[in-house]
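Colleague: When you read off a place in the sequence shown, starting at 1, and then add 70, the result is the number in this note's numbering. Here it is: the structure, laid out below.
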Amino acid sequence: MARLFHVPLSPYCRKIRLSLAEKKIEVELVEERYWEQDSDFLRRNPAGKVPVLRLDGIMMSESAAICEYIEETRPEPSLLPSDPAQKLEVRRLVSWFDDKFHHEVTSKLLYERVNKKMQKAGYPDSKNVKAGAKAIKFHLGYMTWLLDQRRWLAGDVMTLADFAAAAHLSSLDYISDVDWNSCPEVKDWYAKIKSRPAFRSLLADQVPGFTPPKHYNDLDF
Numbered sequence: 071m072a073r074l075f076h077v078p079l080s081p082y083c084r085k086i087r088l089s090l091a092e093k094k095i096e097v098e099l100v101e102e103r104y105w106e107q108d109s110d111f112l113r114r115n116p117a118g119k120v121p122v123l124r125l126d127g128i129m130m131s132e133s134a135a136i137c138e139y140i141e142e143t144r145p146e147p148s149l150l151p152s153d154p155a156q157k158l159e160v161r162r163l164v165s166w167f168d169d170k171f172h173h174e175v176t177s178k179l180l181y182e183r184v185n186k187k188m189q190k191a192g193y194p195d196s197k198n199v200k201a202g203a204k205a206i207k208f209h210l211g212y213m214t215w216l217l218d219q220r221r222w223l224a225g226d227v228m229t230l231a232d233f234a235a236a237a238h239l240s241s242l243d244y245i246s247d248v249d250w251n252s253c254p255e256v257k258d259w260y261a262k263i264k265s266r267p268a269f270r271s272l273l274a275d276q277v278p279g280f281t282p283p284k285h286y287n288d289l290d291f
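Right, dumping it as structure tokens:
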């Protein structure tokens, strides 16, 4: 069985969990307090980051590389289109969420409000929180623009781009940082992806010291 060293609200770990679940790959989840720099964990990934996945006897790190490996070795159901131009768009959007969205939103909201508390690293920086709250409006608007033209974020079928976006938004939703009423198109998209069986384990996550909003587990929110 695969083994994933993860943190429940890490969007990068959640992206891997969604990919594994969609392809029906059983995985053992091992919660890893990576910030403690445990020597055993550093042997698995000297970079000291999660996710780390053990699959096929290989210890893997970096979520983008892991997703590529999963896709190449378990191609069904496909999360990357075969058409090069469509594949480019999926990869562009995965990078958008894992880089730009993460830097402008996730790191400013989730990391300030959750990670700092878990790591005993002080209180949230109000400037960062305000900047994240402002930036998420822009990103939700961009997602609305994409969904006005497409059934899913990257095109007419669900892809890894949708999982990357949902991984970030589901983590933020856990701490009530997504104003769904301001973006009905994105809310409808999220309700669609949230209802997939692959999402079930994410909705069951419990993070000590934090209580998700009532709609978090509601498939018809």
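Quick reminder that beta carbons are idealized off the backbone N, C-alpha and C, glycines included.
Once the 5 residues before and after TYR193 are set aside, which same chain residues still bring their CB inside 8 Å of it?
Modeller: LYS186
Colleague: Considering only DSSP beta bridges, list what SER131 is partnered with.
Modeller: VAL122
Colleague: Write down the C-beta distance between ALA237 and LYS94 rounded to the nearest angstrom, noting that I regard them as a contact closer than 8 Å.
Modeller: The Cβ separation is near 18 Å, so there is no contact.
Colleague: Which runs of the alpha helix (DSSP H) fall wholly inside the stretch 214-277 and span at least 4 residues, in chain order?
Modeller: 230-244, 254-264 and 270-273
Colleague: Please confirm whether any heavy atom of the ligand COA lies closer than 6 Å to the CB of SER252.
Modeller: Absence of the ligand COA is noted for the structure shown, with no ligands found whatsoever.
Colleague: Note down the Cα distance separating ALA234 from GLY118, rounded to an integer number of angstroms.
Modeller: 21 Å
Colleague: May I ask you to report which of helix, strand or coil DSSP gives ALA72?
Modeller: strand
Colleague: Tell me which residues share the same chain as ALA201 and place their Cβ nearer than 8 Å to its Cβ, disregarding the 5 neighbours each side in the sequence.
Modeller: Cβ neighbours of ALA201 beyond the five flanking positions: GLU174 and LYS178.
Colleague: So, under 8 Å CB-CB, GLU98 and ARG73 are touching, yes? Tell me the CB distance rounded to an integer number of Å.
Modeller: 5 Å
Colleague: Is it right to say ALA135 is buried, meaning 16 or more other beta carbons lie within 10 angstroms of its own, or is it exposed?
Modeller: exposed
Colleague: Pop quiz: LEU239 and VAL248 are said to be a contact at Cβ under 8 Å. What is the actual Cβ separation, rounded to whole angstroms?
Modeller: 6 Å
Colleague: Starting from the C-beta of GLU182, find all residues in its chain whose C-beta is less than 8 Å away, skip the five residues before and the five after it, and write them out in chain order.
Modeller: PRO194, ASP195, ASN198, VAL199 and GLY202
Colleague: Under three-state DSSP, which class holds LEU180?
Modeller: helix
Colleague: If the criterion is Cβ atoms closer than 7 Å, does the pair SER246 and PRO81 meet it?
Modeller: Not closer than 7 Å, so no.
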